[in-house]
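One structure is given here, and the rest of the page talks about it.
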Amino acid sequence: MNAPVDLNMLAMAIWGILFLIFMVQLIRSIRLVPTKSAYVVERLGKYHGTLEAGFHALIPFIDKVAYIHDLKEETIDVPPQECFSKDEVNVEVDGVIYISVMDPVKASYGITDYRYAAMQLAQTTTRSVIGTLELDRTFEERDLISAKVVDVLDKAGHIWGIKVHRYEIKNISPPETVKNAMEMQVNAEREKRALLAKSEGEKQSQINRSEGIKSEMINVSEGEMQKRINEAEGKAQEILSIAAATAESINKLAEAINAPGGKQSLEMQLGSRYLKQIKGIQGDNNKVILPGNMLDYAAWMKGIKQK
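And the structure:
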């Protein structure tokens, strides 16, 4: 009696387990693919198709999602590595790669791990490019190194189903001894530029000062010259004015003399002035000689005319 019951219970348990497995597989066969994602489906171990964004139903126990790819752009850190420059200086370089999956099938079956492969290829390419550059140029040619790495990765990316957008070098770290030497060189160059700038400033200052003195002397000489010219012109104008006034007075005097009674009037004025001059020279030590006949005015005038 107990044996059949146990067998029935065992059979029910087995059927229950199988039903549960079937339900789980049925639920798993329903796939909701997010935007910018791709699911690679295999049917009985062979590639069957790629599921894009949306609702999809698979066949339980036959179809399987083997690979899930994110189609958005992603970053991959390239760990620091030691590289030797052309002048045999050891530097440590790290960077970052920006890539995105373009062909999910090639990214699934073209290579085992495209992220690791891209990182390794970026490191080897960086080492080879830095090996052709001297240490000073490695800091200046970051764009050249990045372009070379992107070119190599892009060629391999066609096989791997990925697109390499860009590669950026984060740090280039030389040894401490080289770094100290470079800092000393930079400081020396900075001091050299400062001395050159100071000397140029002093030179320009002296030039400006001499130009100022020169301009001042020119202005003073031009002012003195203009002053003398103005004084000469003023004196010439004064002489011309005096000469013109004298000529005019002489003309008027001649006209007055030639007029009726002019000579008599002139003689009277001269006589009056003569008497005033005689009066002015009187003094204790001066001797005045007068004509014998004080009442003969005509004789006086005749003497003045002779004088």
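Residue numbers are given in my numbering: position 284 of the sequence shown equals residue 316, and the series is strictly consecutive. The beta-carbon is built from N, C-alpha and C at its ideal position, and this holds for glycine as well. Given the structure is predicted, the values throughout are model-derived calculations rather than measurements.
Item, Value
"For the segment 89-107 against the segment 170-178, do three or more pairs of beta-carbon atoms, one drawn from each stretch, fall closer than 8 Å, so that the two count as touching?", "no"
"How would you write the range of the beta strand (DSSP E) that D175 sits in, first residue to last?", "No beta strand (DSSP E) holds D175; the alpha helix (DSSP H) holding it covers R174 to W192."
"For the candidate residues M55, E105, I194 and I162, whose alpha-carbon lies nearest to that of I143?", "I194"
"Under 8 Å between the Cβ atoms of T164 and K118?", "yes"
"By the 10 Å Cβ neighbour count, where 16 or more other Cβ atoms means buried, how is T170 classified, buried or exposed?", "buried"
"Using only alpha-carbon positions, find the residue among N262, A45 and Y148 that is nearest to L185.", "Y148"
"Within its chain, find whatever has a CB closer than 7 Å to the CB of V65; leave out the 5 residues flanking it on each side and keep chain order.", "Y71, L83, E84, A85, G86 and H88"
"In the DSSP output, which residue or residues are listed as bridge partners for E127?", "Before going on, a small fix: residue 127 reads as Gly here, not Glu. BP columns for G127 point to V110 and I201."
"Beta-carbon within less than 6 Å of M33's beta-carbon, same chain only, minus the 5 sequence neighbours each way: which residues are those?", "In this prediction, M33 scores a pLDDT of 48, lower than 50, which makes its location untrustworthy; the coordinate-derived value is nonetheless stated afterwards. If we look at M33 and ignore the five residues flanking it on each side, it has no Cβ neighbours."
"Would V128 pass as a contact of S205 if the rule is Cβ separation under 8 Å?", "no"
"Report the three-state DSSP secondary structure of K138 (helix, strand or coil).", "helix"
"Could you pull the DSSP bridge partners for D102 from this structure?", "S69"
"Per DSSP, what kind of secondary structure is A85 in: helix, strand or coil?", "coil"
"For V110 versus M151, is the C-beta spacing smaller than 8 Å?", "yes"
"Just mark Y141 as buried or exposed, buried being the case when its beta carbon has 16 or more other beta carbons within 10 Å.", "exposed"
"DSSP three-state label for F93, please.", "coil"
"Where D135 and E105 are concerned, what is the direct C-alpha to C-alpha distance, given to the nearest angstrom?", "13 Å"
"Once the 5 residues before and after K68 are set aside, which same chain residues still bring their CB inside 8 Å of it?", "A85, D102, L103 and K104"
"Run through the DSSP bridge pairs and tell me what S247 is partnered with.", "In the DSSP output, where bridge partners are listed per residue, S247 has none listed."
"Between Y130 and H197, how many whole angstroms is the CB-CB distance? I'm expecting something under 8 Å.", "4 Å"
"Compute the Euclidean distance between the alpha carbons of V56 and A45, then round it to the nearest angstrom.", "16 Å"
"What's the gap between the Cα of Y146 and the Cα of I201?", "20 Å"
"Here's a check: name, in chain order, each residue in its chain whose Cβ is nearer than 8 Å to the Cβ of I191, leaving out the five neighbours to either side.", "K138, G142 and I143"
"Looking at the unbroken alpha helix (DSSP H) that takes in S160, where does it start and where does it end?", "Y146 to I162"
"What's the gap between the Cα of F51 and the Cα of V133?", "39 Å"
"Identify every residue that forms a DSSP beta bridge with F116.", "N122"
"Below 6 Å CB to CB, which residues in the same chain sit around K187 once its five sequence neighbours on both sides are set aside?", "none"
"If you compare alpha carbons, which of R60, K78 and I108 is closest to I91?", "R60"
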